[in-house]
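Enquirer:
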Amino acid sequence: MKSEKITLPDESAPKRWYQDACGAALALEFVGERWALLVIRELMLGPRRFSELRADLPGLSANVLTQRLDGLERSGVVQRRRLPPPAAVQVYELTDWGREAEPIFHALGRWALRSPSHDPALPLSPVSAMLSLRMMLRADREPLSMTLRFRFPAAVFTGHLSPTGLQIERGDGAGADVVFDTDTGTFIGLIYGKRPFGAAEAEGRLRLEGDRALAQRFIDCFALPPKLPAPAD
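Under numbering that gives the first Met the number 0, the residue at position 205 of the sequence shown is numbered 204, and the numbers go up by one with no gaps.
#1: What number of angstroms, rounded off, separates the C-alpha of A198 from the C-alpha of G209?
#2: To the nearest angstrom, how far is the alpha carbon of A106 from that of P228?
#3: Taking DSSP's pairing of strands, which residues face Q89 in a bridge?
#4: Does any C-beta atom of chain B lie closer than 9 Å to the C-beta of L82?
#5: Tell whether a beta-carbon distance below 9 Å holds between V76 and V30.
#6: Expressed to the nearest angstrom, what Euclidean distance is found between the alpha-carbon atoms of R98 and A128?
#7: Counting pairs of Cβ atoms below 8 Å between the segment 111–120 and the segment 209–225, do you hit three or more?
#8: Is the beta carbon of L143 less than 9 Å from the beta carbon of C220?
#9: Which partner residues of T94 appear in the DSSP bridge assignment?
#10: Once DSSP output is grouped into helix, strand and coil, what is the label at Q66?
#11: For G188 and R79, what's the separation of their Cα atoms in angstroms?
#12: Spell out the partners DSSP gives E72 in its beta bridges.
#13: Would you kindly check if the distance between the Cβ of A35 and the Cβ of R67 is under 9 Å?
#14: Can you tell me which residues form a DSSP beta bridge with E208?
#15: Go ahead and pull the three-state DSSP assignment for Q215.
#16: Starting from L160 and walking both ways along the alpha helix (DSSP H), at which residues does that stretch end?
#17: Keeping to the same chain, check which residues put their C-beta closer than 6 Å to that of Q18; ignore five residues upstream and five downstream.
#18: By alpha-carbon positions, which one of T146, R40, A173 ends up nearest to Y91?
#19: For D9 and E32, what's the separation of their Cα atoms in angstroms?
#20: Check whether the Cβ atoms of L44 and F151 lie closer than 9 Å to each other.
#21: Got a sec, what are the start and stop residues for the alpha helix (DSSP H) E51 sits in?
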């Protein structure tokens with residue numbers, strides 16, 4: 000009897016879900032697991048420690064976060080490294096290829112925000128609040144240039160607005176034209192709900208420093224997309 004060579008599957012290789020040559024299907028194999036895209040979101044503005052990711056994704060268990068980071072690392076989207084002393088801690092960060100996903104993430108977000116199911120009152124992480132600014136920056140905005148500081152209870156970011164776009168990085172510094180010192184929920188209400196500064200200040204939820212007129216012009220640079228009509232019953 001003629002023997003046949005049997006090739007066993009490679010158990011170490013990522014399991015394929017779709018068996019489809021479409022690029023979108025391949026992308027879903029990389030980031031289609033629940034929480035995967037949100038882990039990527041939290042890494043878009045720089046490296047994070049495991050504990051920081053857990054804190055900003057409170058619905059995600061440590062076990063599932065470990066699985067998602069391992070899968071994203073195998074796919075080449077995420078890499079880990081150890082910071083030099085005195086920090087000397089392990090962090091996770093996006094690879095150069097992983098960072099290329101930001102425009103895709105923004106397009107997906109703008110598309111979904113048109114749904115009447117979107118609830119702006121739900122919690123938002125500081126990174127998500129910052130990325131929403133890059134996502135919702137109006138193409139027809141006034142051409143402004145300014146430096147801004149965004150201080151949240153557990154994170155600080157610096158923004159550089161110019162006629163060509165908005166760059167955001169982690170960290171504090173000097174020389175900002177406008178400083179928003181607030182929580183993410185209040186900040187989103189100012190940006191997209193166009194809530195008056197005075198109302199948030201009266202409640203003790205906002206400390207606004209710098210040029211108030213310039214701050215208002217910054218607020219006017221953002222708008223949510225129009226909502227679709229709710230489905231008929």
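Heads up, the beta-carbon is just placed ideally off N, CA and C, and yes, glycines get one too.
Expert: Result, derived from the coordinates:
#1: 17 Å
#2: 20 Å
#3: R81
#4: Among the protein chains of the structure shown there is no chain B, as only one such chain exists.
#5: yes
#6: 18 Å
#7: yes
#8: yes
#9: Paired residue(s): none; T94 is not in a bridge.
#10: helix
#11: 35 Å
#12: According to DSSP, which records beta bridges pairwise, E72 is partnered with nothing at all.
#13: yes
#14: V178
#15: helix
#16: Note, L160: premise wrong, no alpha helix (DSSP H); beta strand (DSSP E) at 154–161.
#17: none
#18: R40
#19: Unreliable placement is indicated for D9, whose pLDDT of 43 sits below 50; the coordinate value is still reported in the next sentence. Distance between the alpha carbons of D9 and E32 is about 21 Å.
#20: no
#21: 49–55
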